[in-house]
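Residues 1 to 179 (my numbering) are what the sequence shown spells out, left to right. Just so you know, even glycine gets a beta-carbon here, dropped at the ideal spot from N, CA and C. Computed from a predicted structure; not experimentally measured. To keep things clear, I will list the structure first and then write my remarks on it.
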Amino acid sequence: AAKFSAVLTNGSPTILDRFVEDLSHKEICGSRSDPDRRYNEDGRRVLLGKGEGVWKRAQAAIQGWKMFNVHNSGLHRTDTPIEPGKTVALITYFGGLWLKMACRIETVIHASGDLERYGFQYATLPVHIARGEESFVVEWRQSDETVWFEIKARSRLRFWWSYPAYPLIRYLQSKFRRQ
Numbered sequence: 001a002a003k004f005s006a007v008l009t010n011g012s013p014t015i016l017d018r019f020v021e022d023l024s025h026k027e028i029c030g031s032r033s034d035p036d037r038r039y040n041e042d043g044r045r046v047l048l049g050k051g052e053g054v055w056k057r058a059q060a061a062i063q064g065w066k067m068f069n070v071h072n073s074g075l076h077r078t079d080t081p082i083e084p085g086k087t088v089a090l091i092t093y094f095g096g097l098w099l100k101m102a103c104r105i106e107t108v109i110h111a112s113g114d115l116e117r118y119g120f121q122y123a124t125l126p127v128h129i130a131r132g133e134e135s136f137v138v139e140w141r142q143s144d145e146t147v148w149f150e151i152k153a154r155s156r157l158r159f160w161w162s163y164p165a166y167p168l169i170r171y172l173q174s175k176f177r178r179q
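Written out as structure tokens, the structure reads:
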């Protein structure tokens, strides 16, 4: 059984590749079918600018996983294609330890017309400290040319031992959304 992992180094690419490969068959631990009301729902929507150039750069940023280029966090294998079934390893440095967590892409969002949308939703795997889903979507409104980035999350803590750190974990989640 896969377990949450905290290590003293961020891991070599070979170790992280093995981590992702070992999880490729694990069931996702999303929340859509879970009626439990203890999930937190969060989101943030940001205006990126206007026009087709901004739209194309925003799509490229999603495809390159740029939303994970934040302080003390990262994504192993930013060349992972945005496709259903792909597993990614998230690396976060906290309290002197590197935390390894994993998610799997469930849905790719691609709509065209007056409102163009591109992005994806992934769900956590059993080695993630939280249980739930998160989506990253860019949107181009043809009517006013505005381009928006939106992140939505529905999650709750997975492990009993993480509950004392709940306020800190919620703060770090909020900080990630702001960055």
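Classification of residue i by the beta-carbon crowding that lies within 10 angstroms, buried from 16 upward
i    : result
K100 : buried
Y93  : exposed
Q121 : buried
L47  : exposed
R154 : buried
G181 : Because the chain in this structure spans residues 1 to 179, residue 181 falls outside the shown range and cannot be described.
E52  : exposed
Closest Cα partner of residue i within the set the options
i    : options                   : result
A123 : G132, E116 and L115       : G132
F136 : T107, I129, E145 and L125 : T107
I105 : R154, T80, L97 and K50    : T80
H110 : M67, T78, E83 and K152    : E83
K86  : A102, G96, S73 and W98    : A102
S96  : N72, M67 and Q63          : At residue 96 the sequence reads Gly, which differs from the Ser that was named. Among N72, M67 and Q63, the Cα nearest to that of G96 is on N72.
E41  : A130, S112, E52 and M67   : A130
F68  : A60, K50 and L90          : L90
Contact set for residue i: own chain, Cβ-Cβ below 7 Å, skip 5 residues either direction
i    : result
W140 : W55, E116 and V147
Y39  : S31, G132, R154, S155 and R156
Q63  : I82
Coarse secondary structure for residue i, derived from DSSP in three states
i    : result
A1   : With a pLDDT of 43 at A1, under the threshold of 50, the modelled position of that residue is not reliable, and no figure is offered here.
R38  : coil
R148 : It should be noted that the sequence gives Trp, not Arg, for residue 148. Three-state result, W148: strand.
Q121 : strand
I129 : coil
Q142 : coil
E83  : coil
V70  : coil
Own chain, CB closer than 6 Å to residue i, minus 5 neighbours either side, in chain order
i    : result
A197 : No statement about residue 197 is possible, as the shown extent of the chain runs from 1 to 179 and does not include it.
Q142 : D114
K50  : E145 and T146
F149 : V46, L48 and V138
Cβ neighbours of residue i in the same chain (closer than 8 Å, five flanking residues each side left out)
i   : result
V88 : V20, W65, L75, H76, R77, T80, A102, C103, R104, I105 and Y122
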